[in-house]
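Q: The structure follows.
There are 4 protein chains.
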Amino acid sequence: MAAGPEEAPPGGSARLADIGRLAAFSDGVFAIVITLLVLDLRVPEYHQGELLASLLREGPSYLAFTVSFIYIGVLWLNHHALLRMVRGTTLALSWINIAILFGVVIIPFPTAVLASALVDGDSDDLRVAVVMYALAAALMSAPWLVFFAYLRRHPTLRARHIDQDHVHAQEARPITGLLLYGLAGLLGWIVNPLLGLLGIIVMIIYHGVTSEGLRPGALRWVRTGRRG
Amino acid sequence: MAAGPEEAPPGGSARLADIGRLAAFSDGVFAIVITLLVLDLRVPEYHQGELLASLLREGPSYLAFTVSFIYIGVLWLNHHALLRMVRGTTLALSWINIAILFGVVIIPFPTAVLASALVDGDSDDLRVAVVMYALAAALMSAPWLVFFAYLRRHPTLRARHIDQDHVHAQEARPITGLLLYGLAGLLGWIVNPLLGLLGIIVMIIYHGVTSEGLRPGALRWVRTGRRG
Amino acid sequence: MAAGPEEAPPGGSARLADIGRLAAFSDGVFAIVITLLVLDLRVPEYHQGELLASLLREGPSYLAFTVSFIYIGVLWLNHHALLRMVRGTTLALSWINIAILFGVVIIPFPTAVLASALVDGDSDDLRVAVVMYALAAALMSAPWLVFFAYLRRHPTLRARHIDQDHVHAQEARPITGLLLYGLAGLLGWIVNPLLGLLGIIVMIIYHGVTSEGLRPGALRWVRTGRRG
Amino acid sequence: MAAGPEEAPPGGSARLADIGRLAAFSDGVFAIVITLLVLDLRVPEYHQGELLASLLREGPSYLAFTVSFIYIGVLWLNHHALLRMVRGTTLALSWINIAILFGVVIIPFPTAVLASALVDGDSDDLRVAVVMYALAAALMSAPWLVFFAYLRRHPTLRARHIDQDHVHAQEARPITGLLLYGLAGLLGWIVNPLLGLLGIIVMIIYHGVTSEGLRPGALRWVRTGRRG
Numbered sequence: 000m001a002a003g004p005e006e007a008p009p010g011g012s013a014r015l016a017d018i019g020r021l022a023a024f025s026d027g028v029f030a031i032v033i034t035l036l037v038l039d040l041r042v043p044e045y046h047q048g049e050l051l052a053s054l055l056r057e058g059p060s061y062l063a064f065t066v067s068f069i070y071i072g073v074l075w076l077n078h079h080a081l082l083r084m085v086r087g088t089t090l091a092l093s094w095i096n097i098a099i100l101f102g103v104v105i106i107p108f109p110t111a112v113l114a115s116a117l118v119d120g121d122s123d124d125l126r127v128a129v130v131m132y133a134l135a136a137a138l139m140s141a142p143w144l145v146f147f148a149y150l151r152r153h154p155t156l157r158a159r160h161i162d163q164d165h166v167h168a169q170e171a172r173p174i175t176g177l178l179l180y181g182l183a184g185l186l187g188w189i190v191n192p193l194l195g196l197l198g199i200i201v202m203i204i205y206h207g208v209t210s211e212g213l214r215p216g217a218l219r220w221v222r223t224g225r226r227g
Numbered sequence: 000m001a002a003g004p005e006e007a008p009p010g011g012s013a014r015l016a017d018i019g020r021l022a023a024f025s026d027g028v029f030a031i032v033i034t035l036l037v038l039d040l041r042v043p044e045y046h047q048g049e050l051l052a053s054l055l056r057e058g059p060s061y062l063a064f065t066v067s068f069i070y071i072g073v074l075w076l077n078h079h080a081l082l083r084m085v086r087g088t089t090l091a092l093s094w095i096n097i098a099i100l101f102g103v104v105i106i107p108f109p110t111a112v113l114a115s116a117l118v119d120g121d122s123d124d125l126r127v128a129v130v131m132y133a134l135a136a137a138l139m140s141a142p143w144l145v146f147f148a149y150l151r152r153h154p155t156l157r158a159r160h161i162d163q164d165h166v167h168a169q170e171a172r173p174i175t176g177l178l179l180y181g182l183a184g185l186l187g188w189i190v191n192p193l194l195g196l197l198g199i200i201v202m203i204i205y206h207g208v209t210s211e212g213l214r215p216g217a218l219r220w221v222r223t224g225r226r227g
Numbered sequence: 000m001a002a003g004p005e006e007a008p009p010g011g012s013a014r015l016a017d018i019g020r021l022a023a024f025s026d027g028v029f030a031i032v033i034t035l036l037v038l039d040l041r042v043p044e045y046h047q048g049e050l051l052a053s054l055l056r057e058g059p060s061y062l063a064f065t066v067s068f069i070y071i072g073v074l075w076l077n078h079h080a081l082l083r084m085v086r087g088t089t090l091a092l093s094w095i096n097i098a099i100l101f102g103v104v105i106i107p108f109p110t111a112v113l114a115s116a117l118v119d120g121d122s123d124d125l126r127v128a129v130v131m132y133a134l135a136a137a138l139m140s141a142p143w144l145v146f147f148a149y150l151r152r153h154p155t156l157r158a159r160h161i162d163q164d165h166v167h168a169q170e171a172r173p174i175t176g177l178l179l180y181g182l183a184g185l186l187g188w189i190v191n192p193l194l195g196l197l198g199i200i201v202m203i204i205y206h207g208v209t210s211e212g213l214r215p216g217a218l219r220w221v222r223t224g225r226r227g
Numbered sequence: 000m001a002a003g004p005e006e007a008p009p010g011g012s013a014r015l016a017d018i019g020r021l022a023a024f025s026d027g028v029f030a031i032v033i034t035l036l037v038l039d040l041r042v043p044e045y046h047q048g049e050l051l052a053s054l055l056r057e058g059p060s061y062l063a064f065t066v067s068f069i070y071i072g073v074l075w076l077n078h079h080a081l082l083r084m085v086r087g088t089t090l091a092l093s094w095i096n097i098a099i100l101f102g103v104v105i106i107p108f109p110t111a112v113l114a115s116a117l118v119d120g121d122s123d124d125l126r127v128a129v130v131m132y133a134l135a136a137a138l139m140s141a142p143w144l145v146f147f148a149y150l151r152r153h154p155t156l157r158a159r160h161i162d163q164d165h166v167h168a169q170e171a172r173p174i175t176g177l178l179l180y181g182l183a184g185l186l187g188w189i190v191n192p193l194l195g196l197l198g199i200i201v202m203i204i205y206h207g208v209t210s211e212g213l214r215p216g217a218l219r220w221v222r223t224g225r226r227g
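Protein chains in written order, with numbering that gives the first Met the number 0: chain A, 0 to 227; chain B, 0 to 227; chain C, 0 to 227; chain D, 0 to 227.
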């Protein structure tokens, strides 16, 4: 299990740019996305005296809002831990980060589609919305995997207190995301949209619990499988 | 009145993460929420020559906007003081902070409902809107209480200049919030929605005045009552 | 021309809180407001093949957008210079800053009203919109005046390189704002709305040019008048 | 190839203001704009059971969203590199930066127009939308050119590790932007709107690849042409 450099650093450490503005920009994006969600909570149209009934009718859309709020919170905690693993950025790493943010920024859209399907749609619409949400979540895992792989291959970017095995172990998280969000979408499509939604919620909790990173030992099977 | 550690620190101080990004993320959320409120101030539909009359008709909604603007300002000052009490964060504390931000992020929604009820609703609608606002404000107090309680149980997280009694005294503020915002909602439901709204405004002023924290001596009755 | 302390500092310098989070929060608000303006630039309804005509019809609303963009830019530069005058904040100063931000946050609303009146309104509507914009700008000057007056009375808050006369001289800027934005509104109401709009634009340029502060000597007449 | 100061610094280095708040404000604007784009992704109107068909019909608008997301990412990386070239700001430089941000802030508007034309417009509307997008991108290059030219004339503003030739070489990038975005607009107008759109995408990629700056040698022809 070699922890040493596997190739030369990209351009030498003199090319490393400070991580500060990248973190500030990312925090800004996370803060805005988590707040924009509330824009989908609109006062429903109502006749005088029927405000309560109209609000209650919208109830299920609040579920979609709450799930996505927690999801973005989870992603922020993960991203927080992610940036603590590096001590600088390169152009390539900045682009990988922008791809990660792309996944974050689009969340309000499948959320709004899901909320709409929960309130106004039939079971076909709900199926479409759940699959769309699951697909977005699955694809969103890809740039995280690229981030960890890039960091593994460019050890000079690693923060001093992070070792190679730790970086490697983290790759299991986006791989799990890709597979299991995809599976949740499949369940939602074939079996039952609510089951798919449940799968999505379970995955969000998983990423919340592991947001500070997996310990190498805990996932030996994954690394063995990928390296063996 | 024990001020010493009541249990072991969570994982040792080596696990403490820097508070900087958490503060930046929180500031971002506060800044966005306070600004998003203005999005509910929309140009009303009007016939040529009747802009003034249309604007005046919307007048009461500006009251809701102004109350919520001050409310978020109060919450920001409270949060500012909150983070000055800690010298680092743990995963649990980050989650408690996200729960606090959840309460902040939803404010524009009951604000919009209240503005709508003030302009277009009848007294039933207004009652619903006031109770909804009061409930949101009451529930929003819960994670603040959890924050103070967590900080009291994990003294190693406290900033150096903060003593145990100070942390303990602060618990009185969210408890007051839970009870009195709830009471304001009850008054608004049973007696008169405008009375409930008045109660909400009084509570916002109370939290504004006490935003830098209560002194332990000032609230001996609360601590005595809870400890005796 | 006494430059010494005129009264005791508020609670002693130990009570001074760091200006960092206040600046970050304010920058966030400015950044969001200046960006939210673009939300009023909506794709107009159009029939196929008539996109260009529809866009051109909206032309005057782009003027309102541009004026407000520059206005918020001016206010940000002024606020930037403002915070460089202080070396810490108190609860009172934080509240004055929130009042300043209130003035900033509402700008998109009179902007949208003005844009709407320019495109869809008659001359009465335009008059209402110009007066509303001018009134908002005039009232927005008030908390700036309070800020300078408070800073003059609490010299311990001043940054080291700022002297008393400099603070005092700055009070002329919000006073000019109060009077001349008010005058622009009056001109717009009585004489011609476009003249009022021109007055607003001139005032924005004035505050842009003086954003780094007036020199004491340049405004002796103001200080003499107020002190004599 | 003189790298020395060409004129006196503007007011002496004592007048230089810290770049920190300018960077924070700019990052905030970039983060908000890139996130606001998602607001144009709205849940389409649909009849029960037809959500999927409605979403697919909106497909082309997602292309416009994705192009603009990458575009703003490119601009942020360029801006990041831009601010690393200076060690402080003056009032003039702050204004040039606000002009740069103006160009960034308006992007969601031509994006929304383009998305609308792709989904609902005919070929005339699409031509208008592509030309509008190209014009906005071309004009947006102007303040970048002013920034580099200003920095070349005020060498005291340069960061220590940046030499005069490097600054000079960068002027080629906004000039290329002005010319080639303009050409893309022309192609879109005269030949085919989709060709114009392709030209825009090529230019965005060019600015992405060169975001860390051009090396002086790589563009000798440009400098020779402009200096000879």
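Where is the CB? At the ideal position from N, CA and C, for every residue including glycine.
Computed from a prediction, not measured in an experiment: that's the story for all the values here.
Given this structure, state the Cα-to-Cα distance separating Ile-174 of chain C from His-79 of chain B, to the nearest angstrom.
A: Within the third sequence, the letter at position 175 stands for residue 174 of chain C. Within the second sequence, the letter at position 80 stands for residue 79 of chain B. Looking at the two C-alpha atoms, the distance is approximately 31 Å.
Q: Would you please verify whether the beta carbon of Pro-107 of chain C is less than 8 Å from any beta carbon of chain B?
A: Along the third sequence, one-based indexing puts residue 107 of chain C at 108. So, interface residue.
Q: Mark Leu-55 of chain B as exposed unless 16 or more other C-beta atoms lie within 10 angstroms of its C-beta, in which case mark it buried.
A: Taking the first residue of the second sequence as 1, we reach residue 55 of chain B at position 56. By the 10 Å Cβ count, Leu-55 of chain B comes out exposed.
Q: Is Arg-172 of chain D helix, strand or coil when you go by DSSP?
A: In the fourth sequence, residue 172 of chain D corresponds to position 173, counting from 1. Correct three-state label for Arg-172 of chain D: helix.
Q: Would you kindly work out how many angstroms separate the C-alpha atoms of Ala-23 of chain A and Leu-82 of chain D, rounded to a whole number?
A: Taking the first residue of the first sequence as 1, we reach residue 23 of chain A at position 24. Taking the first residue of the fourth sequence as 1, we reach residue 82 of chain D at position 83. One C-alpha to the other measures close to 14 Å.
Q: By alpha-carbon positions, which one of B:Trp-75, B:Arg-126, B:Thr-65, B:Val-28 ends up nearest to Val-282 of chain B?
A: Because chain B here runs from 0 to 227, residue 282 of chain B falls outside it and cannot be looked at.
Q: Quick one: give me the first and last residue of the alpha helix (DSSP H) that Leu-76 of chain C is part of.
A: The sequence position of residue 76 of chain C within the third sequence is 77, counting from 1. Per DSSP, Leu-76 of chain C belongs to the alpha helix (DSSP H) from 58 to 82.
Q: Exposed or buried, what is Thr-89 of chain A when buried is set at 16 or more other beta-carbons lying within 10 Å of its beta-carbon?
A: Locating residue 89 of chain A in the first sequence gives position 90, where the first residue counts as 1. With 16 or more other Cβ atoms within 10 Å, it is buried.
Q: Is there at least one Cβ from chain A nearer than 8 Å to Arg-20 of chain B's Cβ?
A: Within the second sequence, the letter at position 21 stands for residue 20 of chain B. Yes, contact with chain A.
Q: Find the residues of chain D that neighbour Phe-147 of chain A, judging by a C-beta separation of less than 7 Å, and give them in chain order.
A: For the purposes of this step, residue 147 of chain A is taken as residue 148 along the first sequence, with counting starting at 1. Within 7 Å Cβ-Cβ: nothing; Phe-147 of chain A doesn't reach chain D, min ~21 Å.
Q: From which residue to which residue does the alpha helix (DSSP H) around Ala-158 of chain A run?
A: Residue numbering aside, residue 158 of chain A sits at position 159 when the first sequence is read from its first letter. Looking at the DSSP string, Ala-158 of chain A is not in any alpha helix (DSSP H), and its letter there is neither H nor E.
Q: How far does the alpha helix (DSSP H) with Val-190 of chain B in it reach, from first residue to last?
A: Along the second sequence, read from residue 1 onward, the residue named residue 190 of chain B stands at position 191. No alpha helix (DSSP H) contains Val-190 of chain B, which DSSP labels as neither H nor E.
Q: Counting Cβ pairs, one atom from each stretch, are 3 or more of them under 8 Å apart for the region 26 to 35 of chain D and the region 25 to 41 of chain C?
A: By the Cβ test, the region 26 to 35 of chain D is in contact with the region 25 to 41 of chain C, since at least three Cβ pairs between them sit closer than 8 Å.
Q: Report, in whole angstroms, the separation of the C-beta atoms of Gly-195 of chain A and Gln-47 of chain D, which I expect to be a contact under 8 Å.
A: Position 196 of the first sequence, counted from the start, is the residue given in the question as residue 195 of chain A. Position 48 of the fourth sequence, counted from the start, is the residue given in the question as residue 47 of chain D. Rounded, the Cβ-Cβ distance is 19 Å, inconsistent with contact.
Q: Could you work out which residue in C:Ile-106, C:Gly-198, C:Leu-113, C:Arg-152 is closest to Gly-181 of chain C when comparing CA atoms only?
A: Within the third sequence, residue 181 of chain C is the residue found at index 182, counting from 1. The option with the nearest alpha carbon to Gly-181 of chain C is C:Gly-198.
Q: Given a cut-off of 8 Å on the beta-carbon distance, is the pair Val-104 of chain B and Val-37 of chain A in contact?
A: To locate residue 104 of chain B, count along the second sequence from 1; it is residue 105. To locate residue 37 of chain A, count along the first sequence from 1; it is residue 38. Yes, the Cβ-Cβ distance between Val-104 of chain B and Val-37 of chain A is below 8 Å.
Q: Roughly how far, in whole angstroms, is the beta-carbon of Gly-212 of chain A from the beta-carbon of Gln-169 of chain A, given that I think they are within contact range, below 8 Å?
A: By 1-based counting over the first sequence, the position of residue 212 of chain A is 213. By 1-based counting over the first sequence, the position of residue 169 of chain A is 170. About 6 Å separates the two Cβ atoms, so the contact holds.
Q: Between the C-alpha atoms of Tyr-70 of chain C and Ile-200 of chain C, what's the straight-line distance to the nearest angstrom?
A: Translated into the one-based positions of the third sequence, residue 70 of chain C becomes position 71. Translated into the one-based positions of the third sequence, residue 200 of chain C becomes position 201. So the two alpha carbons sit approximately 9 Å from each other.
Q: Rounding to the nearest angstrom, what Cα-Cα distance links Ser-210 of chain C and Arg-126 of chain A in this structure?
A: Here residue 210 of chain C refers to the residue found at position 211 when the third sequence is read from its first residue. Here residue 126 of chain A refers to the residue found at position 127 when the first sequence is read from its first residue. Rounded to whole angstroms, Ser-210 of chain C to Arg-126 of chain A spans 56 Å at the Cα level.
Q: For Thr-88 of chain B, list the residues DSSP reports as bridge partners.
A: In the second sequence, residue 88 of chain B corresponds to position 89, counting from 1. Paired residues: B:Ala-16.
Q: From D:Leu-177, D:Leu-156, D:Val-166, pick the residue whose C-alpha is nearest to that of Ala-16 of chain D; which is it?
A: Within the fourth sequence, the letter at position 17 stands for residue 16 of chain D. It is D:Leu-156 whose Cα lies nearest to the Cα of Ala-16 of chain D.
Q: Can you list, in chain order, the residues of its chain with a C-beta nearer than 6 Å to that of Arg-86 of chain C? Leave out the 5 residues immediately preceding and following it.
A: Walking along the third sequence from the start, residue 86 of chain C turns up at place 87. Excluding residues up to 5 positions away in sequence, Ala-158 lie with their Cβ nearer than 6 Å to the Cβ of Arg-86 of chain C in the same chain.
Q: Just how far apart, CA to CA, sit Ser-140 of chain C and Ser-67 of chain C?
A: Your numbering for residue 140 of chain C matches position 141 in the third sequence. Your numbering for residue 67 of chain C matches position 68 in the third sequence. Each residue's alpha carbon lies about 16 Å from the other.
Q: Quick one: list the residues of chain A neighbouring Ala-128 of chain B, beta-carbon separation under 7 Å, in chain order.
A: If you number the second sequence from 1, residue 128 of chain B lands on position 129. By Cβ distance, chain A contributes Leu-50.
Q: From which residue to which residue does the alpha helix (DSSP H) around Leu-38 of chain D run?
A: As a first step, residue 38 of chain D is located in the fourth sequence; it is residue number 39 there, counting from the start. Note, Leu-38 of chain D: premise wrong, no alpha helix (DSSP H); not H, not E.
Q: Going by beta carbon distance, what residues of the same chain come within less than 8 Å of Leu-144 of chain C, once the five residues before and after it are set aside?
A: Numbered from its first residue, the third sequence carries residue 144 of chain C at position 145. Within the same chain, Leu-144 of chain C has close Cβ partners Glu-170, Pro-173, Ile-174, Leu-177.
Q: Looking at Ala-133 of chain A: is its Cβ nearer than 8 Å to the Cβ of Phe-64 of chain A?
A: Within the first sequence, numbered from 1, the residue matching residue 133 of chain A stands at position 134. Within the first sequence, numbered from 1, the residue matching residue 64 of chain A stands at position 65. Contact: no.
Q: Output needed in chain order: residues of the region 64 to 79 of chain C with a Cβ under 7 Å from some Cβ in chain D.
A: Phe-68, Gly-72, Trp-75, Leu-76, His-79
Q: Can you list the alpha helix (DSSP H) stretches of 4 or more residues lying completely in the region 91 to 147 of chain A, in chain order?
A: Whole alpha helix (DSSP H) segments, 4+ residues: 107 to 119.
Q: Mapping DSSP to helix, strand and coil, what is His-46 of chain A?
A: Within the first sequence, the letter at position 47 stands for residue 46 of chain A. Taken through DSSP and simplified to helix, strand or coil, His-46 of chain A comes out as coil.
Q: Note down, in chain order, every chain A residue with its Cβ under 8 Å from the Cβ of Leu-90 of chain B.
A: The residue labelled residue 90 of chain B in the question sits at position 91 within the second sequence. The CB of Leu-90 of chain B comes closer than 8 Å to the CB of Leu-76, Ser-210, Glu-211 in chain A, given here in chain order.
Q: Less than 8 Å between the CB atoms is what I'm expecting for Leu-117 of chain C and Pro-59 of chain C, so what's the real figure, rounded?
A: Your numbering for residue 117 of chain C matches position 118 in the third sequence. Your numbering for residue 59 of chain C matches position 60 in the third sequence. Rounded, the Cβ-Cβ distance is 4 Å, consistent with contact.
Q: How many angstroms separate the CA atom of Ile-203 of chain D from the CA atom of Ala-137 of chain D?
A: Walking along the fourth sequence from the start, residue 203 of chain D turns up at place 204. Walking along the fourth sequence from the start, residue 137 of chain D turns up at place 138. Each residue's Cα considered, the two are about 11 Å apart.
Q: Is there a Cβ from chain D that is less than 8 Å from the Cβ of Asp-17 of chain C?
A: Stepping through the third sequence from its first residue, residue 17 of chain C is reached at position 18. Cβ-Cβ to chain D under 8 Å: no for Asp-17 of chain C.
Q: So what's Ala-52 of chain D in DSSP terms, helix, strand or just coil?
A: Here residue 52 of chain D corresponds to residue number 53 of the fourth sequence, with the count starting at 1. It is helical.
Q: Straight-line CA distance for Leu-35 of chain C to Val-73 of chain C?
A: Within the third sequence, the letter at position 36 stands for residue 35 of chain C. Within the third sequence, the letter at position 74 stands for residue 73 of chain C. Those two C-alpha atoms are separated by around 16 Å.
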